[in-house]
Structure formats: structure tokens, C-alpha cells
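For reference, the structure discussed in these notes is given below.
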Amino acid sequence: MLKRNWMFGFVLLLAALTLLVVGCGEPEEVVDDPEVVEPDEVVITVAAGAVGMELELTRDLAEMYSEANEGVTVNVLDTPDMVEDRLGLYLQFFEAQSSEVDVYQIDVIWPGDLAEHFVDLYEYGAGAVADDHFPAIVENNTVDGRLVGIPWFTDAGLLYYRTDLLEKYELDAPQTWDELEEYAQIIQDGEREENPDFWGFVWQGNAYEGLTCDALEWIASNDGGTIIEPEGVITINNPNAIEIVDQAAGWVGTISPEGVTTMAEEESRAVWHAGNAAFMRNWPYAYATSMADDSAVAGVFDVSPLPAGKSGSGAATLGGWQLAVSKYSENPEIAADVALFMASHEGQKYRAVEGTFNPTIMDLYDDPDVLEAAPFFGSLYDVFINAVARPSTVTAPQYAAVSELFYNAVHDVLTGQKNAADAFEELELDLQDLTGFPVE
Ligand code: GLC
310 MLKRNWMFGF VLLLAALTLL VVGCGEPEEV VDDPEVVEPD EVVITVAAGA VGMELELTRD
370 LAEMYSEANE GVTVNVLDTP DMVEDRLGLY LQFFEAQSSE VDVYQIDVIW PGDLAEHFVD
430 LYEYGAGAVA DDHFPAIVEN NTVDGRLVGI PWFTDAGLLY YRTDLLEKYE LDAPQTWDEL
490 EEYAQIIQDG EREENPDFWG FVWQGNAYEG LTCDALEWIA SNDGGTIIEP EGVITINNPN
550 AIEIVDQAAG WVGTISPEGV TTMAEEESRA VWHAGNAAFM RNWPYAYATS MADDSAVAGV
610 FDVSPLPAGK SGSGAATLGG WQLAVSKYSE NPEIAADVAL FMASHEGQKY RAVEGTFNPT
670 IMDLYDDPDV LEAAPFFGSL YDVFINAVAR PSTVTAPQYA AVSELFYNAV HDVLTGQKNA
730 ADAFEELELD LQDLTGFPVE
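Written out as C-alpha cells, the structure is:
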């Protein structure tokens, strides 16, 4: 008898546990009972970047939306910093047609490669605001007439320099790469006497998308084209491109640490932020972080256009991020509303003022609060609107593969495995194989 009771109890316990487990996996089954489960709450998940203050600011906007919209909770999913890693994660979600992420923060180079996974935001009200944004970015995000991402912030490469050190060594902000080289060496030699960790120039030399951006700037500023031109011609194997990439290889271990060939944005920024570099190439987000309380360079730095090569003017690579709504979302309408809120005038102003993220809404460049927080949005406006695009539209859906070939070739030159002439001769062949495009 005792044994039977014990057995009965055990079976009951098992049944209860099973119900509990099933209940966790399938919340719909218990939704009917209002005592057990919260009222219908829609959860929208935004996959977002975490470079500089990005994550914090996206979370703030998520909270603002949740507070203003009862019944909706917006979660922010932190994704890897490096473009390739983030893309790898996104591709896993797409492959599984996962509804786990509703809104994706996507790079300006991705609309062509990833369009098939996103809804057309014109079907969710984006038509009312599209004209407020820079037309070139809207065009970039439009694939076969579908708006696959609402522009969120734009980016362009800038030169950060130490005003205190230029003054100390009686130098001006460098106008050319040759000047940058010379000034970086002078300042480095002087500062090293006190600070053995000091370097002249830090930038993004790891083998990844960021190197494609940096190297495109060197090449475009030296009249060396844009790797593959918008009309589908491969131009990378030319003397001006070869010359400037060989020159950049000469910076490694002289004015830049050997380790620059493993640095992405955040690693180079760490050197700068600690006060250990005279110059840095980076995006606008580094302005806000450089002004922060924990920065060694707050108040003693400024930004300018990147130096010029042969062309006589500097070139900035066009970067930036959009918000796209997944085709696999269970709530595309609400997800689109979240994306449009985050990319709205209010959302972009907040990020511009708090984190110096460049708006894509043109009006915000005249906004006094924005200009006070980021005066260079006004003074360097031309840099932002003339930024050089990577060849992502013309090579879609193969851009990621094109860029990988390019940055690996440049990285081989930076690490001394090849000279640029050999590297670009091989690259030209590889690009022909991959794209089928002709050579100039
Ligand atoms: C920045 C740019 C993005 C670029 C990336 C490379 O995030 O906005 O367009 O691809 O840097 O690291």
C-alpha cells in the first residue's frame, strides 16, 4: 500500500513536471489562463551593433518605444563588432528562417546581398519619410523598387588628430599622406622620450571589412579608382593603387604599431583613447567617446578630412547602417513601426547628440542641438555627402566575397608577404573569376 502511494505520487510529480516543461516550450498552450501568463505582449527583437556607445543608445530607444507602446517590449540583441562576424550570425538566422530577430541593423554594403530576407518598408509606411533622408542612401537601400532598409546613420572615414601635440611640435593638421607620415614620425620621436607606448598613427589594418574601407580611402585619394567601378569594370591593378598601398605598408612598424595589422575600429580607438597616438583614422562615433570623461584626449583633439594623395583631395569611404525588417518576423507591422521610430527624426537626433552618430535625415544637419554636440557635422558636411561607395551595388550578391579578396590582398602587402604589384595582379584575376567583369 505504502509502495503504491509512493508510486502514485511519483507519477503525479512526473506529469506535473512534464506539463511544466511543455508549458515553457509552447507558451501558446497556457495563454488562455490569464492567471498563469502575462497578457498578450508582443516582443520585438532588434539585432544591433555595440561599437562605442551604440548598444546603450539603441537600448534607450527600445525603452522609449516600449514605454510609449503598451503591449510591446523591444529587446536589443548585442551582435559582434566585426562586419564578417555579424553577417555570419545574421546568415544563420536567415538560413533557419528564424523569427527570433525582427529588426536587423544592416551595413550600407548589404542591401544588395541580403534583400531577399527583408520586407519592403514602402509597404509599411516608409514612403511618408523616405524623402527626408539622403537620396543616395535611400537609393542604395532600394533593391528592385523595394526599400529593404530605412537609413539609420551614415558614416565616413575621418582623421582624428591631437591639437595639443600639433601645437607642441609646431605643426598643422596634415593635408597629404606624405605630411601625415612626416608629422607622425616627428611627434612619435618626441613623445617616446616620456611615453614608450606612443605611436604616430593608428588605423584599421586587420583582414576584414574595415581594411577594405581604409584601403579604399588611400586608393581613391591617390586617383586609383574604387576597386571595381560602378559600371562593372575591374580597375584595382593600376599604378596609383599599387603605389599608395606600398606606401601604407611602410607605416607598419614605423609610425604605426606592428599590431595595426590586427586592429579593428575599437582596438585602434583604445590606443587613441588612452592618449597613445597622435593621429587616428576612424568613423564619427569615436568623437563622442573621445569627449567622454574617461578619455585621455577629451578637449585636446579635433577631426579633419583624411589626407590627400595624388588626386589632391582626401577620400572618405561611405559607411553606415540601416534598419531592416525580417521577412520571417511574426509581427512585421510592429517591427516596421519600431524600425521607423528608431530611424525617425527623434531617434536620429538622440543618437547624434548623445553619440555623434551621423543622421541620414538631412534637416538634422541644421539642428542647433546636433551641431553643438557634433560641430564637425557642419564643418565636414562635404566629406559626408561626397563619401566614396564601396562596389557593393554593382557586385551584389557577391560583394562580401569581392571585399574578402580585396582585404586579404591588401593585408598580404601590409604584413610584408607580397608587394602591391604582385598582390593586385593576382587580385585582378581572382576578381575576374568571381564576377566575370572585364578589366579596364
Ligand atoms: C563602420 C561602417 C560600415 C563598415 C564598417 C567596417 O561600421 O559604418 O559601413 O562596413 O565600419 O568595419
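Start counting the sequence shown at 310; every next residue gets the next number (this note's numbering).
All C-beta atoms in this analysis are idealised placements derived from N, C-alpha and C, irrespective of residue type, glycine included.
This structure is a prediction, so every number in the text was calculated from the model and none was measured.
What is the residue span of the beta strand (DSSP E) that residue i lies within?
i: S613; result: 610-613
i: A729; result: Segment 729-744 is the alpha helix (DSSP H) holding A729; no beta strand (DSSP E) there.
i: R699; result: Segment: none, R699 is in no beta strand (DSSP E) and carries neither H nor E.
i: I415; result: 412-416
i: M589; result: 586-591
i: D387; result: 381-387
i: G629; result: 627-634
i: W469; result: It should be pointed out that residue 469 corresponds to Tyr in this sequence rather than to Trp. Run containing Y469: 467-471, per the beta strand (DSSP E) assignment.
i: T598; result: Per DSSP, T598 belongs to no beta strand (DSSP E); it is in the alpha helix (DSSP H), 594-600.
i: A356; result: 351-357
Identify the continuous alpha helix (DSSP H) that holds residue i and give its terminal residues.
i: G509; result: Looking at the DSSP string, G509 is not in any alpha helix (DSSP H); the run it does join, the beta strand (DSSP E), is 508-511.
i: R368; result: 363-377
i: G397; result: 392-404
i: G664; result: 654-664
i: P641; result: 641-651
i: L430; result: Run containing L430: none; DSSP gives neither H nor E here.
i: P444; result: 444-449
i: I495; result: 486-501
For residue i, collect the residues of the same chain with a Cβ closer than 7 Å to its Cβ; drop the 5 residues on either side in sequence, then sort them by chain order.
i: S407; result: Y637
i: G745; result: none
i: Y478; result: I495, I496, G499
i: Q484; result: P616, A617
i: E575; result: V360, D390
i: A482; result: Y470, L475, S613
i: L680; result: F686, G687
i: N547; result: G533, G534
i: T472; result: V609, F610, D611
Could you work out which residue in the options is closest to residue i when comparing CA atoms only?
i: P684; options: G618, V410, D611, V703; result: D611
i: L714; options: G562, G629, L740; result: L740
i: V580; options: G358, N504, N717; result: N504
i: V352; options: I643, E576, D678; result: I643
i: G434; options: D742, A718, V634, V697; result: V634
i: T570; options: Y517, D532, I543; result: Y517
i: L520; options: S577, G541, N549; result: S577
i: A377; options: V647, A356, N717; result: V647
i: I415; options: W461, V381, A587; result: W461
i: F733; options: I545, A583, M651, E365; result: I545
i: I553; options: E737, L649, A729; result: A729
i: M373; options: D429, G656, P483; result: G656
i: E491; options: E737, L680, P616; result: P616
i: M362; options: D387, E476, S653; result: D387
i: I418; options: L649, L627, I543; result: L627
i: L738; options: Q401, A493, H582, V542; result: V542
i: G629; options: T665, P641, D602; result: T665
i: P747; options: T704, S599, D675; result: T704
i: G608; options: A524, L680, E574, G584; result: G584
i: N449; options: G514, T702, P614; result: T702
i: L430; options: R660, P548, D731, P641; result: P641
i: T598; options: E639, F650, R660; result: R660
i: N515; options: P677, V719, A605; result: V719
i: T463; options: K658, E350, D394; result: K658
i: G397; options: E639, V447, A356; result: A356
i: L366; options: N695, D349, A652, F693; result: A652
i: E350; options: A524, L364, E379, A493; result: E379
Between which residues of its own chain and residue i is the CB-CB distance below 8 Å, once the five residues before and five after are set aside?
i: P700; result: T535, I536, I537, E538, P539, Y708, V711
i: R501; result: F507
i: S375; result: V381, T382, V383
i: Y690; result: Y674
i: D422; result: S701, A705, P706, Q707, Y708, A709
i: C522; result: G466, Q513, T626, G628, R699
Give me, in chain order, the residues of the same chain whose beta-carbon lies closer than 6 Å to that of residue i; leave out the 5 immediate sequence neighbours on both sides.
i: H426; result: F403, K636
i: A682; result: V662
i: L750; result: Summary: the structure shown does not reach residue 750, with the chain confined to residues 310 through 749, and so no result is reported for it.
i: E735; result: none
i: A550; result: I528, G533
i: A424; result: V452, V457
i: A359; result: D387
Residue i and residue j look like a contact to me (Cβ under 8 Å); what is the Cβ gap, rounded to whole Å?
i: W486; j: G621; result: Contact doesn't hold; Cβ gap of about 12 Å is too wide.
i: A625; j: E526; result: 6 Å
i: D411; j: T354; result: 5 Å
i: Q513; j: A573; result: 6 Å
i: A645; j: V428; result: 7 Å
contact_flag[the segment 586-605, the segment 462-470] where n(CB pairs < 8 Å) is 3 or more: Short answer: they touch.
Segment contact, 8 Å Cβ cut-off, at least three pairs: the segment 561-571 with the segment 506-513: Enough Cβ pairs lie closer than 8 Å, so yes.
Segment contact, 8 Å Cβ cut-off, at least three pairs: the segment 717-725 with the segment 552-559: The segment 717-725, when compared against the segment 552-559, does touch it at the 8 Å Cβ threshold.
Segment contact, 8 Å Cβ cut-off, at least three pairs: the segment 434-447 with the segment 456-465: Using a Cβ-Cβ distance cut-off of 8 Å, the segment 434-447 and the segment 456-465 are in contact, since at least three pairs of beta carbons, one from each stretch, lie closer than that value.
The segment 368-387 contacting the segment 667-676, beta-carbon criterion three pairs below 8 Å: Output reads no: the segment 667-676 does not touch the segment 368-387.
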